[in-house]
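Protein chains in written order, with our numbering: chain A, 3 to 228; chain S, 7 to 196.
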């Protein structure tokens with residue numbers, strides 16, 4: 003994922019979240035949005051992966067965006083049959099979910115040069131996990147710190163207006179981006195160290211095998227001389 | 007100062023920057039090769055927002071509303087945004103080969119269409135034609151402001167001496183938060 007990808011996927015997730023600051027104000031809303039985004043993204047990416055070798059990256063993006071638009075429209079229509087207030091509230095503004103879906107697809111569509119199913123879906127699942135975690139935490143912080151409630155229940159204080167205003171939300175997203183980036187860097191560092199160790203062991207094994215082959219040859223030559 | 011100018015200032019300094027910043031922030035990740043490229047991509051986005059908004063208004067008024075098909079808004083907006091993104095790409099080819107090459111090799115088309123689609127869901131299409139034109143123009147000006155302010159900051163923030171995980175986008179989001187706060191405060195005086 004990180005080999006041929008000049009974009010930091012944590013930054014992309016943070017920006018995808020920044021596009022939704024006006025629309026997500028509670029944990030439940032964040033969870034519903036996260037589920038819709040992940041489902042739409044995975045279905046869209048799976049469909050686009052079928053035409054990986056026959057279509058240009060821009061065309062793939064176009065098809066992906068149209069597929070996502072179709073899925074979100076279907077979700078909006080079907081949400082009308084669910085008689086739950088929070089679902090109906092989210093359904094009214096669910097169209098905005100297309101923006102994070104379009105942004106998250108930049109990594110798999112534009113930067114996976116050599117197609118491999120494992121890498122393609124591995125990247126997509128990691129992005130989904132990051133998006134769900136960051137969106138969930140963002141919803142939690144906004145609801146608790148901004149409105150003084152948790153899942154609609156009063157926590158006994160009014161909340162701080164700063165976290166409801168867009169500048170407060172930007173700050174929260176920036177802090178999450180830094181924290182997620184620290185984790186990402188630690189994981190990459192650990193994987194790199196692991197790969198280096200594996201390479202070192204491979205070299206050592208090759209050297210031992212070479213020495214053994216040389217010793218065998220020398221033994222044969224000695225036997226021939228006698 | 008005429009009332010129109012005052013309205014524009016209020017719109018730019020209050021709702022516009024704040025609401026468009028979230029959508030405009032997307033472009034922070036786009037490759038900023040040079041000033042010319044930044045300007046060209048910003049013009050493409052502004053053009054795309056204006057044209058998509060106007061065409062969508064016409065489609066909504068004469069087709070979707072007439073046939074009770076408002077639920078198709080997303081599909082129509084995405085289709086329009088993508089078609090116009092492809093058209094601006096073709097237009098860039100005639101204007102400058104160098105900029106077109108940068109545009110083609112990067113992911114600006116995706117960023118441009120995402121910004122256009124996102125902006126379409128902030129705008130109130132039930133307003134009259136002139137009001138809609140005004141709103142679209144104000145959003146474009148706001149977007150220009152964000153781009154120009156952050157073009158100068160981009161390199162400096164990217165190479166600043168802060169912790170590595172905080173460089174680039176997180177630092178720019180913090181800067182955007184401070185800029186939004188200042189502009190909101192200024193907007194209160196109007």
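The beta carbon of each residue, even a glycine, is placed where N, CA and C say it ideally should be.
Check the Cβ-Cβ distances between residue 42 of chain A and every residue of chain S, and say whether any is below 8 Å.
Taking the first chain and counting its residues from 1, one reaches residue 42 of chain A at position 40. Taking Cβ atoms only, chain S never reaches closer than 8 Å to residue 42 of chain A, which makes this a no.
Name the residue from A:146, A:163, A:196 whose alpha carbon lies nearest to the alpha carbon of residue 28 of chain A.
Taking the first residue of the first chain as position 1, residue 28 of chain A is located at position 26. Considering only alpha carbons, the answer is A:146.
Taking Cβ-Cβ distances shorter than 7 Å, what residues in chain A pair up with residue 1 of chain S?
It is not possible to answer for residue 1 of chain S, since the shown part of chain S is limited to 7 through 196.
Name the chain A residues that come within less than 7 Å of residue 54 of chain S, Cβ to Cβ?
Taking the second chain and counting its residues from 1, one reaches residue 54 of chain S at position 48. Here the premise fails: no neighbours, minimum Cβ distance about 14 Å.
Counting only C-beta atoms, is residue 165 of chain A closer than 8 Å to chain S at any point?
Along the first chain, one-based indexing puts residue 165 of chain A at 163. Not an interface residue.
Give me the Cα-Cα distance between residue 21 of chain A and residue 96 of chain A, rounded to the nearest whole angstrom.
Numbered from 1 along the first chain, position 19 holds the residue referred to as residue 21 of chain A. Numbered from 1 along the first chain, position 94 holds the residue referred to as residue 96 of chain A. Going from the Cα of residue 21 of chain A to the Cα of residue 96 of chain A covers about 13 Å.
Suppose the cutoff is 8 Å on Cβ atoms and the five residues either side in sequence are ignored; what does the same chain contact list for residue 191 of chain S look like?
Here residue 191 of chain S is taken as the residue at index 185 of the second chain, counted from 1. None.
Which residues, in order along the stretch 94 to 128 of chain S, keep a beta-carbon less than 9 Å from a beta-carbon of chain A?
95, 110, 112, 113, 115, 116, 117, 119, 120, 121, 123, 124, 126, 127, 128
Element boundaries [alpha helix (DSSP H), containing residue 91 of chain A]:
To locate residue 91 of chain A, count along the first chain from 1; it is residue 89. Note, residue 91 of chain A: alpha helix (DSSP H), 87 to 94.
Under 8 Å, with one C-beta from each stretch per pair, do the stretch 124 to 139 of chain S and the stretch 53 to 66 of chain S reach the 3-pair mark?
Contact between the stretch 124 to 139 of chain S and the stretch 53 to 66 of chain S is present: three or more C-beta pairs spanning the two stretches fall below 8 Å.
Which residues, taken in chain order from the stretch 141 to 170 of chain S, show a beta carbon closer than 8 Å to some beta carbon of chain A?
For the stretch 141 to 170 of chain S, which is checked against every Cβ of chain A, the residues closer than 8 Å are 169, 170.
For the alpha helix (DSSP H) containing residue 93 of chain S, list its first residue and its last residue.
Position 87 of the second chain, counted from the first residue, corresponds to residue 93 of chain S. Here the alpha helix (DSSP H) through residue 93 of chain S covers 79 to 101.
Using alpha carbons as the reference points, say which of S:135, S:153, S:146, S:168 lies closest to residue 61 of chain S.
Here residue 61 of chain S corresponds to residue number 55 of the second chain, with the count starting at 1. When only C-alpha atoms are compared, the closest one is S:135.
To the nearest angstrom, how far is the alpha carbon of residue 117 of chain S from that of residue 166 of chain A?
The residue you call residue 117 of chain S lines up with position 111 of the second chain. The residue you call residue 166 of chain A lines up with position 164 of the first chain. Residue 117 of chain S and residue 166 of chain A: Cα-Cα distance of roughly 26 Å.
Is there a C-beta anywhere in chain S that falls below 8 Å from the one on residue 87 of chain A?
Residue numbering aside, residue 87 of chain A sits at position 85 when the first chain is read from its first letter. It does not: the Cβ of residue 87 of chain A has no partner Cβ on chain S nearer than 8 Å.
Counting only beta-carbon atoms, is residue 176 of chain S nearer than 8 Å to chain A?
Position 170 of the second chain holds residue 176 of chain S. Yes - at least one Cβ of chain A is within 8 Å of the one on residue 176 of chain S.
Out of A:104, A:12, A:24, A:210, which has the shortest C-alpha to C-alpha gap to residue 141 of chain A?
The residue labelled residue 141 of chain A in the question sits at position 139 within the first chain. Cα-wise, what sits closest to residue 141 of chain A is A:24.
Less than 8 Å between the C-beta atoms of residue 127 of chain A and residue 179 of chain S, yes or no?
Along the first chain, one-based indexing puts residue 127 of chain A at 125. Along the second chain, one-based indexing puts residue 179 of chain S at 173. No. Outside cutoff.
Could you give the residue range of the alpha helix (DSSP H) that holds residue 210 of chain S?
Any answer about residue 210 of chain S is impossible in this case: the structure gives chain S only from 7 up to 196.
Taking residue 80 of chain S as the query, report the chain A residues whose CB atoms sit under 8 Å from its CB, ordered along the chain.
Residue numbering aside, residue 80 of chain S sits at position 74 when the second chain is read from its first letter. Within 8 Å Cβ-Cβ: 71, 74, 75, 78, 97, 100.
Could you name the residues of the same chain whose beta carbon sits closer than 6 Å to that of residue 153 of chain S, not counting the 5 residues immediately before and after it, in chain order?
Taking the first residue of the second chain as position 1, residue 153 of chain S is located at position 147. Excluding residues within five positions, the ones whose Cβ falls inside 6 Å are 48.
Enumerated in chain order, which unbroken segments of the alpha helix (DSSP H) with a length of 4 residues or greater are wholly contained in the stretch 6 to 55 of chain A?
11 to 20, 29 to 51
Is the beta carbon of residue 156 of chain S sitting closer than 8 Å to the one on residue 52 of chain S?
In the second chain, the residue the question calls residue 156 of chain S occupies position 150. In the second chain, the residue the question calls residue 52 of chain S occupies position 46. Their beta carbons are not under 8 Å apart, which means residue 156 of chain S does not touch residue 52 of chain S by this criterion.
Going by alpha carbons, who is nearest to residue 33 of chain A out of A:44, A:153, A:67?
Here residue 33 of chain A corresponds to residue number 31 of the first chain, with the count starting at 1. Closest option to residue 33 of chain A, Cα to Cα, is A:153.
Out of S:129, S:68, S:76, S:96, which has the shortest C-alpha to C-alpha gap to residue 115 of chain S?
Within the second chain, numbered from 1, the residue matching residue 115 of chain S stands at position 109. The residue with the shortest Cα to Cα distance from residue 115 of chain S is S:96.
Chain A contact for residue 84 of chain S (CB, 8 Å cutoff)
The sequence position of residue 84 of chain S within the second chain is 78, counting from 1. Chain A, which has a Cβ nearer than 8 Å to the Cβ of residue 84 of chain S, makes this yes.
Identify each residue in the stretch 40 to 64 of chain S for which the Cβ-Cβ distance to at least one residue of chain A is less than 9 Å, and report them in chain order.
Result list empty, no residue passes.
Residue 66 of chain S: buried (16+ other C-beta within 10 angstroms of its C-beta) or exposed?
Reading the second chain from its first residue, position 60 is the one you call residue 66 of chain S. Classification for residue 66 of chain S: buried.
Alpha helix (DSSP H) segment containing residue 72 of chain S, residue limits
As a working note, residue 72 of chain S is residue 66 in the second chain. Unbroken run through residue 72 of chain S: none, as it is neither H nor E.
Please list, in chain order, the chain A residues whose beta carbon lies closer than 8 Å to that of residue 69 of chain S.
Here the question's residue 69 of chain S lines up with position 63 in the second chain. Residues of chain A passing the Cβ test: none, with the nearest at roughly 16 Å.
Using the Cα positions of residue 54 of chain A and residue 65 of chain A, report the straight-line distance between them to the nearest angstrom.
For this step, residue 54 of chain A is matched to residue 52 along the first chain. For this step, residue 65 of chain A is matched to residue 63 along the first chain. Cα atoms of residue 54 of chain A and residue 65 of chain A: separation of roughly 11 Å, rounded to the nearest angstrom.
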